[in-house]
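So the structure is just underneath, and the comments pick up after that.
Protein chains in written order, with our numbering: chain A, 12 to 124; chain B, 35 to 146.
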């Protein structure tokens, strides 16, 4: 019954590898987001998709590529991982036509070694 | 560009105290404002959502107020408990479908 689910919860990988994080929401929301929370706990938006269309693309390295196969899924693929990519990545969703707030996933803790 | 500030950055109180957390924003043309709680190593849990047309929202011991004209929101926690210890964040959407700007949070410690 998890509303916004991310997998995996933990990811430890070596520099240079390519990895993906998956996100799915069963709330019927039309907009999904990826946020990055760094070691100082600051939460910054990376991408947002509305009905599968990219609407926000913050200044992130092009090694990060989001993919939204449908409204309920927003995956994040990262190429050539670097040490600085280590962080917690949160997926979130909301329904924009009803003024509802955000629902967040539990996060994916990525550690690049 | 919207800027969101939360003061104080950290707060430590004894159990049972009532307390207020502050969230200030620079652009008053907001759609709504949302308060979250984050426990260490966990995700964000939504506490309260205030629409721009509302002045306050209440849930249990929590009360959030919104004053758009002054660019402020407060989160009032009554009769604090050790289980309230967490980081509290406020988020302000810039547009309906757009991104939210998050404050950097207030880390609350309630001592037994």
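Every residue, glycine too, gets a C-beta built ideally from N, C-alpha and C.
Check	Outcome
Quick one: list the residues of chain E neighbouring residue 121(B), beta-carbon separation under 8 Å, in chain order.	This model lacks chain E altogether, as its protein chains are A and B.
Using a Cβ-Cβ cut-off of less than 7 Å, give me the residues of the segment 77-102 of chain A that come near chain B, in sequence order.	101
Looking only at its chain, what residues have a beta carbon closer than 7 Å to the beta carbon of residue 127(A), apart from the 5 residues adjacent to it on each side?	Chain A is shown from 12 up to 124; residue 127(A) falls before or after that span and cannot be answered.
In chain B, which residues lie with their C-beta within 8 Å of the C-beta of residue 104(A)?	Going along chain B, no residue has its Cβ under 8 Å from residue 104(A), so there is no contact; the nearest lies around 12 Å.
Contact check, residue 57(B) vs residue 119(B) under 8 Å by CB: the rounded distance?	That belief does not hold up - the Cβ atoms of residue 57(B) and residue 119(B) are roughly 19 Å apart, past 8 Å.
By a C-beta neighbour count over all protein chains shown, 10 Å radius and 16 as the cutoff for buried, is residue 60(A) buried or exposed?	buried
Does chain B have any CB closer than 9 Å to the CB of residue 67(A)?	yes
By the DSSP assignment, the beta strand (DSSP E) with residue 57(A) in it spans what residues?	54-61
What is the DSSP secondary structure of residue 42(B), reduced to helix, strand or coil?	coil
For residue 81(A), which of helix, strand or coil comes out of DSSP?	strand
Could you tell me which of 92(B), 75(B), 44(B) sits nearest to residue 99(A), measuring between CA atoms?	75(B)
Counting C-beta neighbours from all protein chains within 10 Å, is the total for residue 100(B) 16 or more, i.e. buried, or is it exposed?	buried
I need the DSSP call for residue 53(B), collapsed to helix, strand or coil.	strand
In angstroms, rounded to a whole number, what distance separates the CA positions of residue 77(B) and residue 16(A)?	11 Å
Note down, one range per segment and in chain order, each beta strand (DSSP E) of at least 3 residues found wholly within the segment 57-119 of chain B.	66-72, 78-85, 90-93, 96-101, 106-111
Suppose the cutoff is 7 Å on Cβ atoms and the five residues either side in sequence are ignored; what does the same chain contact list for residue 68(A) look like?	58
If you drop the 5 nearest sequence neighbours on each side, which residues of the same chain put their C-beta closer than 7 Å to that of residue 71(B)?	79, 81, 120, 122
List the residues of chain B that residue 115(A) touches, going by C-beta distances under 7 Å, in chain order.	77, 78
Using only alpha-carbon positions, find the residue among 24(A), 65(A), 42(A), 119(A) that is nearest to residue 106(A).	42(A)
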